[in-house]
Each structure stands twice: as C-alpha cells, then as structure tokens.
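All the letters of the sequence shown, read from the start, carry residue numbers 1069 to 1220 under the numbering used here.
For each residue, glycine too, the CB sits at the ideal point set by N, CA and C.
Below is one structure, written out as structure tokens, with a few remarks after it.
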Amino acid sequence: MDYESLDSMPYYKDCAPMVENLGYKLVELRVVPGKGTVKINAVIASKDPAVDIGVNDCSKVHHALLPHLESILGTEDTYMELTSPGMERNIKNAAEFAVFIGRDVRVWDKTVTDWVGGKIISADDKTVILEKDGENHTFSFENIAKAKFIHL
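If you want it as structure tokens, here you go:
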C-alpha cells in the first residue's frame, strides 16, 4: 500500500485546519477542474472513533468548506460532494491509518496471504500498529495489499 502524505493533496493544508476547528478530521480532498465547473470531493471523519458522521455533520462542514474553497479557487462555479468515510471504507492511502487511530480495521497482509484485524493503535509513514486480544502487531505498508474498516 502506498503512503502519500495528506498534506500533499492540493488544498488540503488550506482546508484541514478549518475542518479540525469544526470538530472533524479531513480524510480526503480532491479538487478536479472540469468544463466550466470545479468538482470537489471531500471525506470527513469524527475525531472520536466511536462516533459516526451523520448528515448534519456533513452539512455543517459543507457550509463552511465550500465558500472557503471557492475563495481559494477564485470561482463560484463549483460542485461539492462531502461524505463520511462510510461503514466499510476501503483505506486508499496508508496515511489514512493515522486519521483513523482507534478504529477497527482489517488488512490483507501479503506475507501471510490473509486478513488480519485489530484496532489501530498508531501509524507513521512506514507502518501501522494494530492491537488484537491485548497484543500489538506491526505491519509495514509495503506488505499491506489492501485495508478496510471492520463493520460489526
């Protein structure tokens, strides 16, 4: 699995502090210029891994983030979709592990060719540590083929 710093996403550094001040974490931000319109896709998560994101949360962030991005982009011709990570999110970027500390996930470990699950304890730019049954297990991102939330 590849690690791409969240700060390397265009406009992420400009928007993440605003989302944090509203009580959420910015997981993903994509700004795609199109024919006359700029399409924005954003994903937010709760700072508390036990709390799910609802429609009101998305609306709150949408109302603050859209004008901010329009100001930065210099256009009001935008379309923005803002969502929660979902109950069974596929983790697309290894940098997301740090955002989801405290969440239960499963990773496909290429060294054992099987899913391994646990709660994210910590993550850096090379590894993630999952806790399962009181034991910590460290996984190198290069050995993770895919990862997703565990939905109970």
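With Ser1190 as the anchor, note down where its beta strand (DSSP E) starts and where it stops. For Ser1190, the enclosing beta strand (DSSP E) begins and ends at 1182-1191.
What residue range does the alpha helix (DSSP H) around Leu1150 cover? No alpha helix (DSSP H) contains Leu1150, which is instead part of the beta strand (DSSP E) from 1146-1151.
Taking buried to mean at least 16 other C-beta atoms within 10 Å of its own C-beta, is Glu1164 buried or exposed? By the 10 Å Cβ count, Glu1164 comes out buried.
In the DSSP assignment, the alpha helix (DSSP H) including Phe1124 goes from what residue to what residue? First, the residue type needs correcting, since residue 1124 is Asn and not Phe in the sequence shown. DSSP places Asn1124 in the uninterrupted alpha helix (DSSP H) bounded by 1123-1141.
Between Ile1218 and Cys1126, what straight-line distance do the alpha-carbon atoms span, to the nearest angstrom? Cys1126 has its alpha-carbon roughly 22 Å from the corresponding atom of Ile1218.
Output the distance between the C-alpha atoms of Arg1174 and Ile1140, rounded to the nearest integer angstrom. Rounded to the nearest angstrom, the two C-alpha atoms are 37 Å apart.
Nearest-angstrom Cα distance between Lys1228 and Lys1081? The shown model of the chain, from 1069 to 1220, leaves out residue 1228, and the question about it has no answer.
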